[in-house]
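Here's the structure, in structure tokens; my notes come after.
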Amino acid sequence: MAYYFYLDDMMLPIPPAKMDIRIKNKNKTVNLINEGEINIIKTEGLKEISFELLLPNSNYPFADYSQSDTEIGVSAFNNLFGGSIGILGNLLNEYSFKGAEHYLEKIKIAKESKQPLRLIIMRMT
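In terms of the numbering used here, the numbers along the sequence shown are unbroken and rise by one, the last being 125.
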């Protein structure tokens, strides 16, 4: 099973190995006068998603750069020619490689603009 992680339109080349999701509880517990307590159930709070990210500074063979935000990538090449063709396919893979600074800069711009950054996680079976 493969997972794909996107931050807005930018696919992460190496998906995180694990991801944690926590749901904040907004329930309230009240102590009663006659010894006891009740739980007042409220709607759930915001979800907190956390994961560790490996951003490549060299072209790793296990990283997927095919859907990076370049003008032409391996997926476009594969669609045009029906699959990668040896050395030419490898050259396109290297062409679409982006270092860690590219991803960090996009995250920094989103943070400084105070705009939400959409997270999309897809599981392919």
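By construction, the Cβ of each residue, glycine as well, lies at the ideal position given by its N, Cα and C atoms.
- Between PRO16 and PHE51 a beta carbon distance of about 4 Å is seen, short of the 8 Å cut, so the two are scored as contacting.
- Contact annotation: ILE38 and MET19 have beta-carbon atoms that are not nearer than 8 Å.
- Cα atoms of THR29 and LYS114: separation of roughly 35 Å, rounded to the nearest angstrom.
- Sequence-distant partners of LEU55 (beyond 5 residues in either direction) whose C-beta falls short of 6 Å from its own C-beta, in its chain, are ALA100 and TYR103.
- Secondary structure at GLU52: coil, using DSSP grouped into helix, strand and coil.
- Taking 8 Å as the upper bound for CB-CB distance, PHE5 and ASN59 are not in contact here, some 19 Å apart.
- Scanning GLU35, LEU32, ASN25 and ILE33 for the CA closest to the CA of GLY45 turns up ASN25.
- The beta carbon of ARG118 lies closer than 7 Å to those of ASP8 in the same chain, with the five residues before and after it left out.
- In this structure, LYS47 sits near ILE23, with a CB-CB distance shorter than 8 Å.
- Around ALA110, the same chain offers LEU117 as residues with beta carbons nearer than 6 Å, after the five sequence neighbours per side are excluded.
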